[in-house]
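> Residue numbers (my numbering), protein chains in the order written: chain A, 1 to 191; chain B, 1 to 191.
Protein chains: 2
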Amino acid sequence: MQEAQPMSPAGRRIAAAAEELFYNRGITAVGVDLIAERSGVTKRTLYNQFGSKDRLVAVYLAERDRRWRSLVRAAVDACDDPLEAVTAPFEALWTWSGANTRGCAFINALAEIPDPAHPAHRIAADQKLWLLNLFEELAAAAGGPAPAALATRLLVLHEGALAVQPLPIDVLAQTADLARALVRSGAPPRR
Amino acid sequence: MQEAQPMSPAGRRIAAAAEELFYNRGITAVGVDLIAERSGVTKRTLYNQFGSKDRLVAVYLAERDRRWRSLVRAAVDACDDPLEAVTAPFEALWTWSGANTRGCAFINALAEIPDPAHPAHRIAADQKLWLLNLFEELAAAAGGPAPAALATRLLVLHEGALAVQPLPIDVLAQTADLARALVRSGAPPRR
DNA sequence: GTAGAAGTTCACCGATCGGTATACCTACGA
DNA sequence: TCGTAGGTATACCGATCGGTGAACTTCTAC
Numbered sequence: 001m002q003e004a005q006p007m008s009p010a011g012r013r014i015a016a017a018a019e020e021l022f023y024n025r026g027i028t029a030v031g032v033d034l035i036a037e038r039s040g041v042t043k044r045t046l047y048n049q050f051g052s053k054d055r056l057v058a059v060y061l062a063e064r065d066r067r068w069r070s071l072v073r074a075a076v077d078a079c080d081d082p083l084e085a086v087t088a089p090f091e092a093l094w095t096w097s098g099a100n101t102r103g104c105a106f107i108n109a110l111a112e113i114p115d116p117a118h119p120a121h122r123i124a125a126d127q128k129l130w131l132l133n134l135f136e137e138l139a140a141a142a143g144g145p146a147p148a149a150l151a152t153r154l155l156v157l158h159e160g161a162l163a164v165q166p167l168p169i170d171v172l173a174q175t176a177d178l179a180r181a182l183v184r185s186g187a188p189p190r191r
Numbered sequence: 001m002q003e004a005q006p007m008s009p010a011g012r013r014i015a016a017a018a019e020e021l022f023y024n025r026g027i028t029a030v031g032v033d034l035i036a037e038r039s040g041v042t043k044r045t046l047y048n049q050f051g052s053k054d055r056l057v058a059v060y061l062a063e064r065d066r067r068w069r070s071l072v073r074a075a076v077d078a079c080d081d082p083l084e085a086v087t088a089p090f091e092a093l094w095t096w097s098g099a100n101t102r103g104c105a106f107i108n109a110l111a112e113i114p115d116p117a118h119p120a121h122r123i124a125a126d127q128k129l130w131l132l133n134l135f136e137e138l139a140a141a142a143g144g145p146a147p148a149a150l151a152t153r154l155l156v157l158h159e160g161a162l163a164v165q166p167l168p169i170d171v172l173a174q175t176a177d178l179a180r181a182l183v184r185s186g187a188p189p190r191r
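1. Does DSSP classify ALA165 (chain A) as helix, strand or coil?
2. Any beta carbon of chain B sitting closer than 8 Å to that of ALA149 (chain A)?
3. Could you tell me whether the Cβ of PRO119 (chain B) comes closer than 8 Å to any Cβ of chain A?
4. Would GLY144 (chain A) and LEU150 (chain A) be called neighbours here (beta carbons separated by less than 8 Å)?
5. Using the beta-carbon of each residue, which ones in chain A are nearer than 9 Å to LYS53 (chain B)?
6. Excluding the five sequence neighbours on either side, which residues of its own chain have a C-beta within less than 7 Å of the C-beta of VAL32 (chain A), listed in chain order?
7. Looking only at its own chain, which residues have a Cβ that is under 8 Å from the Cβ of SER185 (chain A), when we skip the five neighbours before and after it?
8. Using a beta-carbon distance below 8 Å, is ALA69 (chain B) in contact with chain A?
9. If the criterion is Cβ atoms closer than 8 Å, does the pair ILE27 (chain B) and GLN49 (chain B) meet it?
10. Are the CB atoms of LEU131 (chain B) and LEU155 (chain B) within a distance shorter than 8 Å?
11. Rounded to whole angstroms, what is the Cα-Cα separation between ARG102 (chain B) and ALA141 (chain A)?
12. Does THR45 (chain B) have its Cβ less than 8 Å from a Cβ in chain A?
13. Looking at TYR60 (chain B) and PHE22 (chain B), is the spacing between their C-beta atoms short of 8 Å?
14. Please state the DSSP three-state secondary structure of GLY26 (chain A).
15. Reducing DSSP to helix, strand and coil, say where ARG102 (chain B) ends up.
16. Report the CB separation of PRO114 (chain B) from ARG25 (chain A) in whole angstroms; it is logged as a contact under 8 Å.
17. Please name the residue in B:LEU83, B:ILE123 and B:VAL72 whose C-alpha comes closest to that of LEU138 (chain B).
18. Please tell me whether ALA146 (chain A) has its Cβ less than 8 Å away from any Cβ of chain B.
19. Counting only Cβ-Cβ distances shorter than 8 Å, please list the residues of the region 82-103 of chain A near chain B, keeping chain order.
20. Pick helix, strand or coil for PRO116 (chain A), following the three-state DSSP scheme.
21. Can you tell me whether PRO145 (chain B) is helix, strand or coil according to DSSP?
22. List the residues of chain B whose Cβ lies closer than 9 Å to the Cβ of ALA161 (chain A), in chain order.
23. In chain A, which residues lie less than 8 Å from ARG153 (chain B) when you measure between Cβ atoms?
24. Within the same chain, show all residues whose beta-carbon is closer than 8 Å to that of GLU112 (chain B), passing over the 5 residues directly before and after it, in chain order.
25. Can you list the residues of chain B that GLY11 (chain A) reaches, using a CB-CB cut of under 9 Å?
26. Please report the Cβ distance between VAL76 (chain B) and ALA85 (chain B), rounded to the nearest whole angstrom; I am assuming they are in contact, meaning their Cβ atoms lie under 8 Å.
27. What distance in whole Å lies between the Cβ atoms of LEU172 (chain A) and LEU93 (chain A), which are believed to be in contact at a cut-off of 8 Å?
28. Identify which residue in A:ILE35, A:GLN127 and A:LEU167 has its Cα closest to the Cα of LYS128 (chain B).
29. Could you tell me which chain A residues have their CB closer than 9 Å to the CB of ASN24 (chain B), listed as they occur along the chain?
30. For a quick check, are the C-beta atoms of THR152 (chain A) and ILE169 (chain B) less than 8 Å apart?
31. Measuring CA to CA, which of A:ARG38, A:LEU110, A:GLY98 and A:CYS79 is closest to VAL57 (chain A)?
32. Run through DSSP, which three-state label would VAL171 (chain A) get?
33. Using alpha carbons as the reference points, say which of B:PHE135, B:ASP81 and B:CYS104 lies closest to GLY160 (chain B).
34. For chain A, find out if any of its Cβ atoms is closer than 8 Å to the Cβ of LEU61 (chain B); answer yes or no.
35. Measure how close the beta-carbons of ALA17 (chain B) and SER39 (chain B) come, nearest whole angstrom, since I'm counting them as under 8 Å.
36. Would ILE123 (chain B) pass as an interface residue toward chain A - the criterion being a Cβ-Cβ separation below 8 Å?
The structure is reproduced here in structure tokens:
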């Protein structure tokens, strides 16, 4: 998984069009013909570059994942205080979901692709597990009492904030506040 | 919207098959032919009963919503302590999502149906707003200081717990614990 | 005894799905 | 100068999509 995909100009245009369409309209609902037309490219070129729709879907998610991770990493690295760093992904979330009202691309992808054998399924699931792991590392580094439990709770908060994005309510600031409170107080009562 | 749908036997079989298929495979990915075959019914009958696929999708979500709400209502009503009642929906969630690993049907539907004008979109969105409203009512009844803010946070927790369902991690118990801690810390001691 | 609702059978519709075949054009490096 | 990689244009494939038309059966209620 180390390939830096030296995409051709046409390949990049296809990937960009695919991302916009897949995210905003859903993966299954968007046909390859439409993607080709939107990127000003022949269907033949699309298949020369990506081989199949499934592979294009995987590239779409992998590329989005890559960009998102680098945003999160940057937010974490910008923190001096290790306690502050734990909730940095929530700050990144603020930046990431600007005017998006379509929720999380990876959760949405899991909704459309139930098959665990599909490469796109793995990419989407791995993204969540990566974040969970990051939370745990950061929590441990901050010296809290139960880093794994805290990480689980932060992940739930994070995914919850994303999940309600399509609704006409503003939630991000409150969620970030709650996350910070959780981190500061250590992990609340184990039963 | 008060119709109690006196469905015919065939209609009920169609609705049952549609629910199973839509939930487990995704709405767009499932064709009407498959639903008809699974319910042992002709496509003609399906269209006589529901008129269109869109309407069948709406019925699928409405029916699921109805069942879910009655489960939540029952869980709430079973609580004597109004403080305990606030987190009753999390207990209902425990019952609701038995072996489900496909997440929330309504979030998934929103992922596949971006068009706000689609009836199914409204049903899915309304389900979340109903829960938000319920949380606020329960929080207010319990006498807490900021019921609206607490309700928002509980909704985020609830949706987060559902959203991570497809992942191989167990989260429900911890989320319910956190929800209870939130309620307890936000409300003044009873009597 | 008969009307009407519910359901079946089966053929059919145009559109779109993911994917392929063939042939041609063009810029560029050895 | 020539091969080749990247791209275009166009036509095509079988399968499936959501949806319809028309005639026939079966059961039930008035």
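Where is the CB? At the ideal position from N, CA and C, for every residue including glycine.
According to the structure shown:
1. Here residue 165 (chain A) refers to the residue found at position 165 when the first sequence is read from its first residue. A quick correction: the sequence has Gln, not Ala, at residue 165 (chain A). Note: GLN165 (chain A) maps to coil in three-state DSSP.
2. For the purposes of this step, residue 149 (chain A) is identified with residue 149 of the first sequence, where counting begins at 1. Output row for ALA149 (chain A): interface = yes.
3. Indexing the second sequence from 1 puts residue 119 (chain B) at position 119. Taking Cβ atoms only, chain A never reaches closer than 8 Å to PRO119 (chain B), which makes this a no.
4. Numbered from its first residue, the first sequence carries residue 144 (chain A) at position 144. Numbered from its first residue, the first sequence carries residue 150 (chain A) at position 150. In this structure, LEU150 (chain A) lies closer than 8 Å to GLY144 (chain A) by Cβ.
5. Walking along the second sequence from the start, residue 53 (chain B) turns up at place 53. Correct list: empty, because the minimum Cβ distance to chain A is about 13 Å.
6. As a position in the first sequence, residue 32 (chain A) is number 32, starting the count at 1. Result list for VAL32 (chain A): LYS43, LEU46 and LYS53, in chain order.
7. Locating residue 185 (chain A) in the first sequence gives position 185, where the first residue counts as 1. The answer is none, since no qualifying residue turns up.
8. One-based indexing of the second sequence puts residue 69 (chain B) at position 69. Looking at the sequence shown, residue 69 (chain B) is not Ala but Arg. For ARG69 (chain B), not one C-beta of chain A is nearer than 8 Å to its own C-beta.
9. As a working mapping, residue 27 (chain B) is identified with position 27 in the second sequence. As a working mapping, residue 49 (chain B) is identified with position 49 in the second sequence. Against a cut-off of 8 Å, the Cβ pair of GLN49 (chain B) and ILE27 (chain B) comes out as no contact.
10. Here the question's residue 155 (chain B) lines up with position 155 in the second sequence. Here the question's residue 131 (chain B) lines up with position 131 in the second sequence. The answer is yes: Cβ separation under 8 Å.
11. Taking the first residue of the second sequence as 1, we reach residue 102 (chain B) at position 102. Taking the first residue of the first sequence as 1, we reach residue 141 (chain A) at position 141. Cα to Cα, the separation comes out at about 33 Å.
12. Along the second sequence, read from residue 1 onward, the residue named residue 45 (chain B) stands at position 45. Not closer than 8 Å to any Cβ of chain A, the Cβ of THR45 (chain B) fails to qualify, so no.
13. Taking the second sequence and counting its residues from 1, the one referred to as residue 22 (chain B) is at position 22. Taking the second sequence and counting its residues from 1, the one referred to as residue 60 (chain B) is at position 60. In this structure, PHE22 (chain B) lies near TYR60 (chain B), with their beta-carbon atoms less than 8 Å apart.
14. Taking the first sequence and counting its residues from 1, one reaches residue 26 (chain A) at position 26. When DSSP states are grouped into helix, strand and coil, GLY26 (chain A) belongs to the coil group.
15. Here residue 102 (chain B) corresponds to residue number 102 of the second sequence, with the count starting at 1. The three-state reading of DSSP puts ARG102 (chain B) in coil, since its state is none of H, G, I, E or B.
16. In the second sequence, residue 114 (chain B) corresponds to position 114, counting from 1. In the first sequence, residue 25 (chain A) corresponds to position 25, counting from 1. About 6 Å; that satisfies the 8 Å criterion.
17. Residue 138 (chain B) sits at position 138 when you count from the first residue of the second sequence. Checking every option, the nearest Cα to that of LEU138 (chain B) belongs to B:LEU83.
18. The count along the first sequence starts at 1 and reaches residue 146 (chain A) at position 146. For ALA146 (chain A), the answer is no, since every Cβ of chain B falls outside 8 Å of its Cβ.
19. Answer set for the region 82-103 of chain A: ARG102 and GLY103.
20. Residue mapping note: residue 116 (chain A) aligns to position 116 of the first sequence, counting from 1. Coil.
21. Within the second sequence, the letter at position 145 stands for residue 145 (chain B). It is coil, neither helix nor strand.
22. As a first step, residue 161 (chain A) is located in the first sequence; it is residue number 161 there, counting from the start. Simply VAL156, GLU159 and GLY160.
23. Translated into the one-based positions of the second sequence, residue 153 (chain B) becomes position 153. Scanning chain A for C-beta atoms nearer than 8 Å to the C-beta of ARG153 (chain B) yields GLN174, THR175 and LEU178, reported in chain order.
24. If you number the second sequence from 1, residue 112 (chain B) lands on position 112. The beta carbon of GLU112 (chain B) is closer than 8 Å to those of GLY26, ILE27 and THR28 in its chain, skipping five residues each way along the sequence.
25. Looking up residue 11 (chain A) in the first sequence gives position 11. What GLY11 (chain A) touches in chain B: nothing, since even the nearest Cβ is about 26 Å away.
26. Reading the second sequence from its first residue, position 76 is the one you call residue 76 (chain B). Reading the second sequence from its first residue, position 85 is the one you call residue 85 (chain B). Indeed, because the Cβ distance is near 5 Å, the residues count as touching under 8 Å.
27. Numbered from its first residue, the first sequence carries residue 93 (chain A) at position 93. Numbered from its first residue, the first sequence carries residue 172 (chain A) at position 172. In this structure, LEU93 (chain A) and LEU172 (chain A) form a Cβ contact; the two beta carbons are roughly 7 Å apart against a cut-off of 8 Å.
28. Mapped onto the second sequence, residue 128 (chain B) falls at position 128. The option with the nearest alpha carbon to LYS128 (chain B) is A:LEU167.
29. Along the second sequence, one-based indexing puts residue 24 (chain B) at 24. Under the 9 Å cutoff, chain A gives PRO114.
30. Taking the first residue of the first sequence as 1, we reach residue 152 (chain A) at position 152. Taking the first residue of the second sequence as 1, we reach residue 169 (chain B) at position 169. Between THR152 (chain A) and ILE169 (chain B), the C-beta spacing is below 8 Å.
31. Counting from one through the first sequence, the residue named residue 57 (chain A) turns up at place 57. With distances taken between CA atoms, VAL57 (chain A) lies nearest to A:LEU110 out of A:ARG38, A:LEU110, A:GLY98 and A:CYS79.
32. Counting from 1 along the first sequence, the entry for residue 171 (chain A) is found at position 171. In the three-state scheme derived from DSSP, where H, G and I count as helix and E and B as strand, VAL171 (chain A) is classed as coil.
33. In the second sequence, the residue the question calls residue 160 (chain B) occupies position 160. Measuring C-alpha to C-alpha distances from GLY160 (chain B) to each of B:PHE135, B:ASP81 and B:CYS104 identifies B:CYS104 as the nearest.
34. As a first step, residue 61 (chain B) must be located in the second sequence, where it is residue number 61. For LEU61 (chain B), the answer is no, since every Cβ of chain A falls outside 8 Å of its Cβ.
35. Position 17 of the second sequence holds residue 17 (chain B). Position 39 of the second sequence holds residue 39 (chain B). So it is a contact: roughly 4 Å between Cβ atoms.
36. Walking along the second sequence from the start, residue 123 (chain B) turns up at place 123. When Cβ-Cβ separations below 8 Å define contact, ILE123 (chain B) makes no contact with chain A.
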